[in-house]
Every structure is written in C-alpha cells, then in structure tokens.
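The block underneath contains the structure these notes are about, expressed in structure tokens.
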Amino acid sequence: MRLRPTARSLAVRLVGITLACVAWNQLGGQAFGQETPATPMATSTLAVDVDTLWTCIAAFLVFFMQAGFAMVETGFTRAKNACNIIMKNLMDFALGSLVFWLIGFGLMFGITYHGFVGTSNFLYDAGDNGFHWAFLLFQTVFCATAATIVSGAMAERTKFSSYLIYTVAITAIVYPIFGGWAWNSLFSGGGGWLEGLGFHDFAGSTVVHSVGGWAALAGAIVLGPRLGKYKGKRSNAIPGHNIPLAALGVFILWLGWFGFNPGSTTAVGGGSFAFIAVTTNISAAAGAVGAMACSWIFFKKPDTSFTLNGALAGLVAITAGCDCIPVPYAALTGLLAGMFVVGACVLIDKVRVDDPVGAISVHGVCGAWGTLAVGLFAKETGLLAGGGASLLGIQAIGVAAAFLWAFPASFGIFYLIKSTVGLRVSEREEIEGLDLTEHGIYAYPPGFVTGAPIPIEPLLPVASAPLVTFPARPAVEVG
Amino acid sequence: MRLRPTARSLAVRLVGITLACVAWNQLGGQAFGQETPATPMATSTLAVDVDTLWTCIAAFLVFFMQAGFAMVETGFTRAKNACNIIMKNLMDFALGSLVFWLIGFGLMFGITYHGFVGTSNFLYDAGDNGFHWAFLLFQTVFCATAATIVSGAMAERTKFSSYLIYTVAITAIVYPIFGGWAWNSLFSGGGGWLEGLGFHDFAGSTVVHSVGGWAALAGAIVLGPRLGKYKGKRSNAIPGHNIPLAALGVFILWLGWFGFNPGSTTAVGGGSFAFIAVTTNISAAAGAVGAMACSWIFFKKPDTSFTLNGALAGLVAITAGCDCIPVPYAALTGLLAGMFVVGACVLIDKVRVDDPVGAISVHGVCGAWGTLAVGLFAKETGLLAGGGASLLGIQAIGVAAAFLWAFPASFGIFYLIKSTVGLRVSEREEIEGLDLTEHGIYAYPPGFVTGAPIPIEPLLPVASAPLVTFPARPAVEVG
Amino acid sequence: MRLRPTARSLAVRLVGITLACVAWNQLGGQAFGQETPATPMATSTLAVDVDTLWTCIAAFLVFFMQAGFAMVETGFTRAKNACNIIMKNLMDFALGSLVFWLIGFGLMFGITYHGFVGTSNFLYDAGDNGFHWAFLLFQTVFCATAATIVSGAMAERTKFSSYLIYTVAITAIVYPIFGGWAWNSLFSGGGGWLEGLGFHDFAGSTVVHSVGGWAALAGAIVLGPRLGKYKGKRSNAIPGHNIPLAALGVFILWLGWFGFNPGSTTAVGGGSFAFIAVTTNISAAAGAVGAMACSWIFFKKPDTSFTLNGALAGLVAITAGCDCIPVPYAALTGLLAGMFVVGACVLIDKVRVDDPVGAISVHGVCGAWGTLAVGLFAKETGLLAGGGASLLGIQAIGVAAAFLWAFPASFGIFYLIKSTVGLRVSEREEIEGLDLTEHGIYAYPPGFVTGAPIPIEPLLPVASAPLVTFPARPAVEVG
C-alpha cells in the first residue's frame, strides 16, 4: 500500500522528464551551441567497421562489470540483504540505460554551453551511423558503472525506492555533467572546460570512479552506519556471507576492465589498446600484491577481502593513465593503490563512515590517486619523466573539481531524498533484512539467512505449507 | 542396474543414427535438392576474416548463455535438485553440439525439399572455409539455446535419462525443421517456406525462443506439476534456493544476448550490429522496469524473480526485430514484454501448468509477442510506421506455425517417452531430491540441502566415515 | 608474528630477482644469442591491427579462465578452505603476471641459447608495437594457467606462503623453460629444440596442461594426502561444498578455451580459428559424454563431478591438435579423454595420491593423450591419415620431455620448500580450515562452514559482539 504510490509517482516523473526532453530536443536544444557537431567517420569502411566492432565488444565487457559489482557487493554483505543489493545493481543499470539515453548522453556529449553542459543529442538517434550507436552503448555502460559504485557503500540499509530516485539523478545529471567537462570533445566539436586545460583521464579514474566514489561517500554519510556497526569506541566487523561469490565478482570486474581501459581507444589503429591491456593487467596484479602484503604486515594475515579490493584498486588507479604510463610505473601505480586502499579503509572506518564493501576507498581514493599518478609517471609529460609539474597541477585541479562537484551535488540530492520520502529503512526492517521487508523473498533457504534451524521438509511435501507466503502476493511460483 | 541399459541403449541409438546419416550423406542427400548450394564468400580476404571473427566471438558469447541458463535454473529451484539441473544444462549442450553437427544442421541448412526440410550437409564439413565453420558453430549454440530452455520448465521432477532422449530429439529434429522454414536461405541457395512469405525473425524470438518455450509447455504438461505445488484450490510457492546465482545467470544471459542479436548479422559491414546492440540493451532494461513496476503495483513489492525474468522477457521480445525496430519502440517492446511476463506467469500458474522458472512465459509468450511487435513497430514496413497490416499478418502466421509445429511435435515425443521408458522420477526420488537419487551427490553440505542439522566434522576427521557413500561407486574422490 | 618475516622476505627476494634481471638485460643478455630477434609485422596496418585485436580478445578470454579455475577448485573442496583456494588462484595470477613479465617471457621467448633457454627480453618492453604487447599478454595468461592448475591438486592443506614461493618458481622458470623448447620460434628468430624436431602442440596440451599437471603431481606427492582421506585400505570421498559453483567454473573454462585454442592463431588470416573453435567445442562435448557414460556404466549413476571433468578433459586433449585434427576425430579425441579421465582418477586414487579436484588426471594425463592424438589423427601427417608413425614418435618425445622436466624440477622445488619453510599447514590448522587459520576469515556464515548451529542474530544487533574477531586485526570492516 505504502509503496504503490512510490512506484507510480516514479513512473509519472520519468514520463514527465522524457516528454520535456523530447520537447527541448525539438524546440532547439542547439540554441546554446557554440559549434556544429563533429561527424567523425561518416563513411563506412572496413576500418570504421572494425573500430565499431571493437567499441561494441568492449562495451559488452564493460556491461559484464555490472555482474561483477553485483557479486562483489552481494558477497561482502549479509545473506539477508542479498536480493536487495542485486535488485539495486540490476535496476541502476536498467534505469541508467534508459535515462542516459534520454538525458545524460545529451548533457555529456551534446553541443556545449561554454564547456559546462551539453544541450543537444537528447533521446539520441544515430541513424545509420553504426559507430555512433556503438559510442552511445559504450558511454551508457560507463555511466552505469559510476551509478552502481554507489550501491555498495549504501548497502544493507537504504530504501529501495529512494535508491532508484538517486539512480535517476546520477545517470541523468551528476555523472554526465562532470563527464562532459572532461570528455565532451570525444563526440562533439566543442569540448569541456577541464579537457581544455589539458586534463588527462584516459578511461575515467576520475570521471567514472572518483565521481562514483564521492557520490558513495555522500550517500554513506547521509545514511549513517548500519545498526550495530559502531558501539562506543568500537567498530564491529560485519562479515560478508559469500566470499567465493565476491571473488568471482572481482574476476569478472578484472575481465570487464579489459573492455573499460583498452576499449576507451574506441579504435584499433596502431594497436595501442594492447599496450593499455598490459598496463591494466600489471597494475591490477600489483594492486593485489600491495594490498595482500600490507594486510599481512599490519594484520598478521594475508586478508582475502583486502587482497580482492587491492586488485580493484590497481584497476581503478591505472584507468586514468593506462595509455601513457610505462609498464614499470604501472606496476608501481597499482602497488601503491593496493596499499592506499588498505589505509583508506582503515581511515574511513576511523571517522565512522560505514562503507560495507570499501567502495569509497577503492573508487574514490584510488581514482584520485591514479589521476595524480598520470602527472607523475606519464611518458614525456609526467614529473618523473622530466615533464615538469604542470600536468600534475592540472590533474590535481581535475581531482578537486570531481570532488567539489560530485560530493556536494550528491549530498544535496541524498539530503533532499532523506527529507522528503526518506532514505533509510526502519530499524526493524534493517534487522529483519531488506530481502524480506523490501522484496518479500529470501535469497537462500530461510534457515541459512536467519540462523534459525533450517526447516526439514516433510517426507510428503504435498501436505506442507509454503515456506514463504505473503497475503498480498498470489501464491504463484515464478522463476 | 536399472540405468545401465539406458546409457547403453542411448549410445547404441546414437551410433545407429550417425551411421545412417553418413550413409545418407554419401549416397546422395542432394537427390531432393532443388538448387545448388550457395557458396558465399569463398575467397578469404580481410573483410571475410573479420566477418568470421565477429561470428565466432558472437558464438562464444551465445555459448556462455548456457552458463546463464544453468545458473538461473539452479538458483530458482531447490538445493536438492541443483546438480541435476546442471547436468541437464551441461548435457543438452554437449549432446546438442554433437547431434546438431551430425543431423540438425543438415535438416536446417541443407538443400531443401520444397522449403520444408534440408537434405544435405549432414556431418557437416566446411573444409577450408573458415566462415562456414563459424556459421556452423553459431548455429550450434543457437540450437542448444532452444534445447536448454526446456530444462527449466521441467525442472525438479524429470528423469535424467529421459531428458537426454528429448534433447537428442529437439536438437536433431524439432528445432532444425522449424529453423529451416525461417532461415534456410542464410546458408543454402534455396529457402524455407516461411521466409518465402516474408516472415521476419532476425535473431530468433520465434525460431529459438518460442520453439523452446512451446516445447517446454508440452513437457510441463506431460510431466504434471511438482509434488506439493498444487493442493486443493491453492498454488504453493516453492522458493528457489540461491537467488544471487540466478541473478548472475541473468547478467550472463544479458551478456550472451549481445552475441545472440548483434551477432546474427554474421557480418560487420555497415556496423548495423551496433544499432542492434542498443535496441537489445534498451529492451532488456525496459523489460526489467516493466516487470518490476508490474509486480510492485500488483503484489505491493518490487519482486526480484519477476524483475530478473522481466529483463529476460525484454531480451527475448526484441530478438525478432532488433535490427528494424527504432530505439523508442524497442523500449516499448521491452516494457510490454516485462508486463506480459508477469501476467503470463500468473495465468500459466492458474491453469496449473507448473513451470518452476517461468520459461514458458519468458521464451514462449514473449517470443511470440516480440515477433508480432515486428509487424507493429518495424521501420517502414510496420503497422505504426504506415506499412499496413500485411507484415503483421505474416508474423502472426509464423507465430502460429511455430506453435503448431513445436507444441504437438514435442508433446508427441514426451508422450512417447512417458509411455515407454517413463518421463518422471518416482515420488520418493522427487522428495529425496534428484541430486541424490539420480546422481549420487549433494550440491552443498548435506545439512544445507536436507534441512537436517549439518553434521559437525569431528576434530580429527581421520576417524570419520565419509558423508556420502554408495556401495556401487568406489570411494574415489574426484573433483 | 610468524608470518610477517615470510611476507617481507618474499618481497625482498622478488626485488632482488628483479634487479638482477634488469642488470642482466642491460649488460648484454644477448651475449648468448645465436640469432637476431625476429620483428614480425613492424608496420601497423589494418590487418595487423585486427590480428592484435583478436590476440587481445583471446587473451581476455584466457584470463577469465582464472575465474573458472577458482570456481571449480572452490566448489570441489570444502567450505572451510574456500577463501584459501581463492587467494591461491588470485595470487598465482597476480604474481605470475609480474614474474612472467620480469623473467619468464625472456626465458621462453628471448634469443635462445642452443634452443634450451632464452636470454633476452626480460622486463619486456614492446615500445610502439601493439602486436608484441598483445603477444606478451597472451603468453602471460597462458603461463598463469599452468601455474593455477597446481593449486587444485594441492588444495586444503598447503601453506599459503609456501604456495606463493612455488608460484614464483613455476612462472619464472619451470613453465617458461619448457615453453621455449616448444614455442620459442613464435616470437624469436631462433627456436626451441623440441619444435626443431617437428613437435606439434598447437595451443599447449603439453606445454601448458601437462606441465601444470606434472607439477601438480609432484606437489600432491610431496604434500601427502589430506587428513582423513585414506584410512587403512579405504579411500574416503571428501565431497565438495558447492557443485553449482564448480559447474559455473567449467562453463567459464569452456568459454575461456575459445580464446585459448582459436586465439593461438594470433592472427585472423584464412579464418582457421573458426575451424579450431569447432574442433574445440566438439571435443569438449564428446568429453562430457564420454565421462558421463563411463561413470554411468561403472558407478551406476551419471556422476556430476566426472562429467564436468570430462568436458575439461576433452578441452585439454584437443588443445594440441585443434588446428589439424578433423572434426570426427576431434569427437573421438574428446570421447576417449572423457573416458581416460575417469580411469586416471581411479588409478591415481589407488596409488594414494590425493588430488582433490582431479587436476593431475585432467591436465597431466589428458594433456599427454591429446599430444599423442596429434600423431594419430592429424590431417596428412597422422598415423591414421597414412602419414606414418614418425610424428607419433616425435609427439611421444615431447610428452616424455615434459614429464622429465616438469615433474623432477617441481618435485625438487617442493621438496626444498618442505625442507626449509615447510609446505604443509599443521594438523590443527588443516582441521580448523585454512580460511580461519591462514586468512582469518570465513567464506560463509560460520555455522555453514563448521557445521555448528548458525548463530541467530539478536533482534537488535547493536548489542551483539561481532561474529569473527581477531585481536591482531583492528575491527575494521572492509568489503
């Protein structure tokens, strides 16, 4: 009863936004435009077809990262919230795909208003241009990555309907606006103000990961910690329920990153994507080693969670400079990222921000580190390559800009949600688990979830009552 | 003892069929042929090599859908039948790969007998033609997809050996015959009668999914519902045991569909595969939204199972028209598919057909809907594009033909199996679980499966008896 | 406390080796070189770019096999060791990636010293040559595959730090030395002695799988069986804890093999990769059928574990001859591999070598079989194609060489480790499980792991103590 209006009003809002976009698009979104749009590669040749193919395949791999995030976040949290975290991951991709096509792509890649915001290409239609469709898909899966980072830090206590509202906000506005600052020229003839300065973020350490990470930080702060996480001076560990699934998620993410970084060439000419694949892999490997060594030295045991997050930290960190950091420095970038992620997790926990999966450390902190690493290690232009400190300064501006945009914007949106429809489930719902209270389902047999003895099925189950029934839902079994 | 003859007789039958095919192939399968076979792209150029590469990569992605189906079906059913459902998924692909190469490919893509059945290309050998090998592989994984759809609807009660017999039947005969009606001209110089009418099913909403879905319907009817599913006027929910695994399966299927639909171009020229990837993704996203909204409104909660199936419904529905339905209509096609799948599940349950994973609704119903959607939404030729109703009529003929072929043919085969070797396990076997009775194994520690207390391992396990022993099987531990 | 020195000394050792390599590289590793290195495809054209792309995509698929191995090995072993096996799989890839780049690639593909060992290309830098970077990545993921095979056979009882030492040894020395014998000419102008004889191992049945398998055999022998595995005359089955996860792993491995075998063309010209994809798939399918039939006949039930391993056996066996064995013989190769793997598992168990996942049988035995199968079935040159027995003889030499190199070398290394830092955990640690004792973590809620009743969470968890706490590790929760 309570939820019905939410679902409806969400739908109403989406339809309204859509219609507004269509109207804007038709009535001259180009009024603000300074330049005519670039139309790269209009003629279809085999070379263009191959670029299109590579961009699509890379997009498929990046899409699969959604499965990786879903498994990592599910595995690192409790069984009673597993379906909820999966629903969040699934729906931020589903809504994100629709919303980015409707609005986000235009704000990010439309003709820009002084390099700050795109004003065309809403409800984007590429016509017969295969490469442009591939570009749309590739950017869509990138946007969804930024969105889904947030769900991990807000796991186990966020109201589902409120999370969906934020998903629309980040994929429609927060991510695309910043993305346009750094990447608008990839598509439009114009360009964002940040890339105009010379900011280099090849595949999105800042654009995707830090933006997602700072939004996650805002969300975790506005939400507050999970019940039982902090008591007096103590921070309690709340162990995840399925580490093998989380590990599978990390392997899937690692695979997906081979689309994320090398695919950001969106072209095969020169084969630079292969170099990028090597730096990506080496950094991830070094990140795992760095985090493992760090946890081994400080906590006496090689910790599984930290090591898994270390690999991700290495991946996030090399993302900005995967095209220009030499392999030995890529190893160093990853190694340090692996160490930083351990430190950042400890620190963030010290200040009592409850991030169940370490998303802020992995994506926010290591995204910032990797962006700065470009300024240090880049061939020719980096500080250690004798290129002086100017690039490092520009990178720092980009890192700061990302924080100063994504954190307050997200904080404001979350605060607004909290003040109106509410952001957090009730205490009782949190204790019972969001699977049951939000979705009316158990992820596993009930005993495994609740700790109560698993009911033994009677010999002839014909006579048995169903294990889970809800009056409102007809007793229909659907796979 | 009882099963040994089954395994042997199955092998004998396979060998017999193989020999018959070889003989037929040698002795002039072309006797019935009306046309000489087309030999497209005989010369190898870079363009052909790239087409071959794309077709192979797409086939790999479609292959991976087998993992997706296995995880979806495992997760949505009970722990006691997990190994059994996996064996069915694995073996329908394994047997299907062999049987389709031996027989099915020839019936589907051989020189046709009046557009009804292929008569050559058994034990297909493409020689040095890489593209033709790629085509064989691509069609093989398509065929296996149709086969594996059936296992979900028949889960938790079907005899393993009998399922294998049906697998041979669908991959050898049921699927290839219909496939040839719609797609024979893709390879042969001739063409199927249905495509001759102008039937448009780009990647198989009907050819693959509806055929699989109607076969699943036949199987579920012949089998009857699971014990305890229906009691008096009541339909009992039988919850799945591992929703995160099912969700992973859906993500894998979504990934695989990027091979299924865009790969059906089997060529890169013009880059239309990128447009197809976008319509596919948008429809899936809208399907998830549609099913979630529907379940939220009618059952008061956003249901995880329905939402997951909604994404699949969107994917199935757009499969027929992914190449010709504009993106906004692709969103509509998916949205409606997501709603239809909820309705169809409720309806099919009302008529007491027990489909544990919703396969009939997802693949049968939404496959039919998507095929009709082509008649409504297709660029230029669709009803809403001002193309008149003729295409819609032809699509309806195709939809009807699929049902009228696949349902009775499968029903007959299942009925024959039921009347001879039996189709269903005994009541006791069903209660104990098919893992133990059919395969002598537990998928998880026994206590998790049966609900009995999990036996605590003694401190020194040297003294402990093995948890599972079968007199007939030597106590060998194999991974 | 005890482990800290291990982590540190490992790091010190790695740094030392690295510096030595750098020095060697700079100071004239080419001193021993007989030939100048080949520089194939220096100019970048679309054809080269496409080859580079295919090699990279194939490498990504092979990388994903790491996830497959991790899931197979986790699923087939006990819940109390799940995190440990995952850490081993993750870290052998991470360390292997670094070590192979530093040392292994040079030993395998550097300018050879009389065809026995490479002497250049340490810390490999391909500069602007995209294809060479792709080649490095492809070879890196191959090397890691050989390394990770070992972890399965040594599961549930090996000390983590000692395993890491071996990982460095196999990726730096054992694998690359043999690899150079068979494949050096793929990159260098010279060539290994074995390929000089005419040895044919297209994608590594012997080079990767047998080498890994014989190393696994050495490890399992030096380690000894798990506690409780053999008692008196009895061999006790120790069932795995998550067969669906293992099955997912097999599907992932099957997918990855489409990169492993077809990708070994490292080129698209002629489209032979498509033929290879078909032979690979058919052999895997037949392997599953063979193992299932075998287990059905001998053990009365179609065994899930054996069938899954049968598919892998088919994949391993066809790897050597996937490019030259006709499809019908590929089916036979796989079918026999599926049967051999059952027999080998029984036999290896009979001689009391405890291989929890069957790695020795799958990779060692079936790798050898597949290499010999080339001598029997290869087009034109095989015994059954009328090519005489000479190829078969050469293949036998290669099979023997692999055993005579990998087994004693690995045995020596394991023995050395055992004699110094120790190879096996203590009896108490083995009983408690390596997750808790080596990594301080449970893979699942403790009750599921230990068999003790799962503790019911109190209604208000605020008051509850954390489920897992270790004094040495601060109570930080990190995902």
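Chains as they are written, first to last, in the numbering used here: chain C, 1 to 479; chain W, 1001 to 1479; chain R, 2001 to 2479. We put the CB at the ideal spot given by N, CA and C, even for glycine.
Q. If we ignore side chains and look at the alpha-carbon of each, how far apart do W:Gly1096 and R:Thr2279 end up?
A. Within the second sequence, the letter at position 96 stands for residue 1096 of chain W. Within the third sequence, the letter at position 279 stands for residue 2279 of chain R. Taking the straight line joining both Cα atoms gives about 15 Å.
Q. Who pairs with C:Phe117 in a beta bridge, going by DSSP?
A. Within the first sequence, numbered from 1, the residue matching residue 117 of chain C stands at position 117. Strictly speaking, residue 117 of chain C in this sequence is Val, with Phe absent from that position. C:Tyr113, per the DSSP bridge assignment.
Q.
So if DSSP puts W:Tyr1163 in a beta bridge, which residue, or which two residues, is it bridged to?
A. As a working note, residue 1163 of chain W is residue 163 in the second sequence. In DSSP, W:Tyr1163 forms no bridge with anything.
Q. If you pair each beta-carbon of the stretch 2194–2204 of chain R with each one of the stretch 2390–2408 of chain R, do three or more pairs fall below 8 Å?
A. yes
Q. Taking the C-alpha atoms as reference points, what is the distance between C:Gly310 and W:Leu1416?
A. On the first sequence, position 310 is the one that residue 310 of chain C refers to. On the second sequence, position 416 is the one that residue 1416 of chain W refers to. Each residue's alpha carbon lies about 57 Å from the other.
Q.
Closer than 9 Å between beta carbons: that is the criterion. Which residues of the stretch 2052–2063 of chain R meet it against chain W?
A. Within the stretch 2052–2063 of chain R, the residues whose Cβ lies closer than 9 Å to some Cβ of chain W are Leu2053, Trp2054, Ile2057, Leu2061, listed in chain order.
Q. What first and last residue would you give for the alpha helix (DSSP H) that runs through C:Glu195?
A. By 1-based counting over the first sequence, the position of residue 195 of chain C is 195. That run of the alpha helix (DSSP H) goes 193–197.
Q) Touching or not, the stretch 2223–2232 of chain R and the stretch 2337–2346 of chain R, by the rule of three or more beta carbon pairs under 8 Å? A) no
(Q) For R:Asp2357, would you say it is in contact with chain C, using Cβ-to-Cβ distances shorter than 9 Å as the test? (A) Counting from 1 along the third sequence, the entry for residue 2357 of chain R is found at position 357. Checking the sequence, you will find Val at residue 2357 of chain R rather than Asp. Cβ-Cβ to chain C under 9 Å: no for R:Val2357.
Q.
Quick check on DSSP: helix, strand or coil for C:Thr319?
A. Here residue 319 of chain C corresponds to residue number 319 of the first sequence, with the count starting at 1. Three-state result, C:Thr319: coil.
**Q.** Min CB distance C:Asp323 to chain R below 9 Å
**A.** Looking up residue 323 of chain C in the first sequence gives position 323. Closer than 9 Å: no.
Q. DSSP state of R:Arg2052, grouped into three classes?
A. Residue mapping note: residue 2052 of chain R aligns to position 52 of the third sequence, counting from 1. The question names Arg, yet the displayed sequence has Thr at residue 2052 of chain R. Judged by DSSP in its simplified three-state form, R:Thr2052 adopts helix.
**Q.** Three-state secondary structure assigned by DSSP to R:Arg2226
**A.** For the purposes of this step, residue 2226 of chain R is identified with residue 226 of the third sequence, where counting begins at 1. It is coil, neither helix nor strand.
Q. According to DSSP, what are the bridge partners of R:Lys2231?
A. As a position in the third sequence, residue 2231 of chain R is number 231, starting the count at 1. R:Lys2231 is bridged to R:Arg2234.
**Q.** C:Asp49, buried or exposed, once every other Cβ within 10 Å from all chains shown has been counted against 16
**A.** Locating residue 49 of chain C in the first sequence gives position 49, counting from the first residue. Classification for C:Asp49: buried.
Q. Which chain C residues sit within Cβ distance under 7 Å of R:Cys2083?
A. Taking the first residue of the third sequence as position 1, residue 2083 of chain R is located at position 83. Taking the beta carbon of R:Cys2083 as reference, the chain C residues within 7 Å of it are Ile243, Thr304, listed in sequence order.
Q.
Going by C-alpha to C-alpha distance, which of C:Ser410, C:Val362, C:Ala443 sits closest to C:Tyr166?
A. As a working mapping, residue 166 of chain C is identified with position 166 in the first sequence. Out of C:Ser410, C:Val362, C:Ala443, the CA that lies nearest to the CA of C:Tyr166 is found in C:Ser410.
Q: Use the C-beta contact count for W:Lys1379: other C-beta atoms within 10 angstroms, 16 or more gives buried, fewer gives exposed.
A: Within the second sequence, numbered from 1, the residue matching residue 1379 of chain W stands at position 379. Its Cβ having fewer than 16 others within 10 Å, W:Lys1379 is exposed.
Q | Residues near R:Ala2147 in its chain [Cβ-Cβ closer than 8 Å; skip 5 each side] | A | The residue labelled residue 2147 of chain R in the question sits at position 147 within the third sequence. The answer, listed in chain order, is Asp2092, Phe2093, Gly2096, Thr2167, Ile2170, Thr2171, Tyr2175, Gly2212.
(Q) Quick check on W:Gly1433: buried or exposed, where buried means 16 or more other Cβ atoms within 10 Å of its Cβ? (A) In the second sequence, residue 1433 of chain W corresponds to position 433, counting from 1. It is buried - the Cβ of W:Gly1433 has at least 16 other Cβ atoms within 10 Å.
**Q.** Continuous alpha helix (DSSP H) stretch holding W:Leu1090: start and end
**A.** The residue given as residue 1090 of chain W occupies position 90 in the second sequence. For W:Leu1090, the uninterrupted alpha helix (DSSP H) run begins and ends at 1082–1099, by DSSP.
Q: In angstroms with no decimal places, state the Cα-to-Cα distance between C:Pro302 and R:Phe2100.
A: As a first step, residue 302 of chain C must be located in the first sequence, where it is residue number 302. As a first step, residue 2100 of chain R must be located in the third sequence, where it is residue number 100. So the two alpha carbons sit approximately 22 Å from each other.
Q | Contact residues within the stretch 2344–2355 of chain R, judged by C-beta distance below 7 Å to chain W | A | Cys2345, Val2346, Asp2349
Q. Taking the alpha-carbon positions, what's the W:Val1357 to W:Ala1153 distance?
A. Locating residue 1357 of chain W in the second sequence gives position 357, where the first residue counts as 1. Locating residue 1153 of chain W in the second sequence gives position 153, where the first residue counts as 1. So the alpha carbons of these two residues sit roughly 6 Å apart.
**Q.** C-beta contact flag for W:Ile1111 and W:Gly1190 at 9 Å
**A.** Counted from its first residue, the second sequence places residue 1111 of chain W at position 111. Counted from its first residue, the second sequence places residue 1190 of chain W at position 190. Yes, the pair counts as a contact, with Cβ atoms nearer than the cut-off.
Q. W:Leu1436: which of W:Leu1046, W:Arg1157, W:Asn1121 sits nearest, CA to CA?
A. As a working note, residue 1436 of chain W is residue 436 in the second sequence. Taking only the C-alpha atoms, the option nearest W:Leu1436 is W:Arg1157.
Q.
Going by DSSP in three states, W:Arg1157 sits in which element: helix, strand or coil?
A. Numbered from its first residue, the second sequence carries residue 1157 of chain W at position 157. Three-state result, W:Arg1157: coil.
Q.
Starting from C:Pro446, trace the alpha helix (DSSP H) in both directions and tell me its first and last residue.
A. Taking the first sequence and counting its residues from 1, one reaches residue 446 of chain C at position 446. It spans 446–450 - the alpha helix (DSSP H) in which C:Pro446 sits, taken as one unbroken run.
Q) How do the stretch 361–381 of chain C and the stretch 241–248 of chain C stand: do at least 3 beta-carbon pairs fall below 8 Å, yes or no? A) no
Q | Within chain R, partners of W:Val1050 - CB distance below 8 Å | A | As a working note, residue 1050 of chain W is residue 50 in the second sequence. Neighbours of W:Val1050 on chain R, chain order: Val2050, Val2268.
Q) By the criterion of Cβ-Cβ separation under 7 Å, what are the contact partners of W:Tyr1442 in chain R? A) The sequence position of residue 1442 of chain W within the second sequence is 442, counting from 1. Against chain R, the beta carbon of W:Tyr1442 has neighbours under 7 Å at Pro2239, listed in chain order.
Q) Is W:Lys1233 buried or exposed, if buried means 16 or more other CB atoms sit within 10 Å of its CB? A) Within the second sequence, numbered from 1, the residue matching residue 1233 of chain W stands at position 233. Classification for W:Lys1233: exposed.
Q: Could you pull out every residue in the same chain whose Cβ sits closer than 7 Å to the Cβ of W:Pro1040, ignoring the five residues on either side in sequence?
A: Here residue 1040 of chain W is taken as the residue at index 40 of the second sequence, counted from 1. For W:Pro1040, the predicted structure reports a pLDDT of 42, less than 50, and the residue's modelled location is therefore unreliable. The matter cannot be settled from this model.
Q. Since R:Phe2131 meets chain C, which of its residues come closer than 8 Å, beta carbon to beta carbon?
A. Numbered from 1 along the third sequence, position 131 holds the residue referred to as residue 2131 of chain R. Chain C residues near R:Phe2131: Gly271, Ala274.
(Q) Just to confirm the assignment, what range does the alpha helix (DSSP H) spanning R:Tyr2175 have? (A) Within the third sequence, residue 2175 of chain R is the residue found at index 175, counting from 1. Per DSSP, R:Tyr2175 belongs to the alpha helix (DSSP H) from 2175–2183.
**Q.** Residues bridged to W:Arg1424 (per DSSP)
**A.** Translated into positions along the second sequence, residue 1424 of chain W becomes position 424. BP columns for W:Arg1424 point to W:Thr1158.
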